[in-house]
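To start, the structure under review is shown below, and the notes come after it.
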Amino acid sequence: MGKKIMIVGCDPKADSTRLILHSKAQNTVMDLARERGTVEDLELEDVLIEGYGGIRCAESGGPEPGVGCAGRGVITAINFLEEQGAYTPDLDYVFYDVLGDVVCG
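Heads up: the sequence shown begins at 10 in this note's numbering, then just goes up one per residue.
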């Protein structure tokens, strides 16, 4: 194919990229931000992993179950990826696997 692709999983379950990463669970932006205190404490390499066929994979994650808004987690993750330079000019396609029932954010 020869195309440069990135997939951003935007579901709190963080399972959008699992098969591309050979069934490996991926650290999410929101989980690591909670763990480290803030999204500013993250590095791009912590959340952007190369999978099958060179596909770049990231997962936004979400708030703890029953608390907060998944939409805000998606916004936080996408802003982080943009600020850290994940959207490089060599990318041909960026796909977002978006949760269909987010009603906030």
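We treat Cβ as the ideally placed atom computed from N, Cα and C, and that holds for glycine.
Presumed contact (8 Å Cβ cut-off) between residue i and residue j, rounded CB distance
i: Asp101; j: Lys12; result: 4 Å
Identified DSSP bridge partners for residue i
i: Tyr102; result: Ile14
i: Ile29; result: DSSP lists no partner for Ile29.
i: Ile58; result: Cys66
i: Cys78; result: DSSP, once it has assigned bridges, lists no residue as partnering Cys78.
i: Val48; result: DSSP lists no partner for Val48.
Straight-line Cα distance separating residue j from residue i
i: Asp20; j: Val56; result: 15 Å
i: Ile58; j: Ala86; result: 14 Å
i: Leu51; j: Arg45; result: 8 Å
i: Val76; j: Asn36; result: 19 Å
Other residues of its chain near residue i: CB distance less than 7 Å, five sequence neighbours each side excluded
i: Phe106; result: Residue identity differs from the one stated: residue 106 is Asp in this sequence, not Phe. Closer than 7 Å at Cβ, skipping near neighbours: Ile16, Gly18, Cys19, Asp20, Ser25.
i: Leu30; result: Ile58, Gly60, Cys66
Burial state of residue i (16 or more Cβ within 10 Å)
i: Gly70; result: buried
i: Phe89; result: buried
i: Asp40; result: buried
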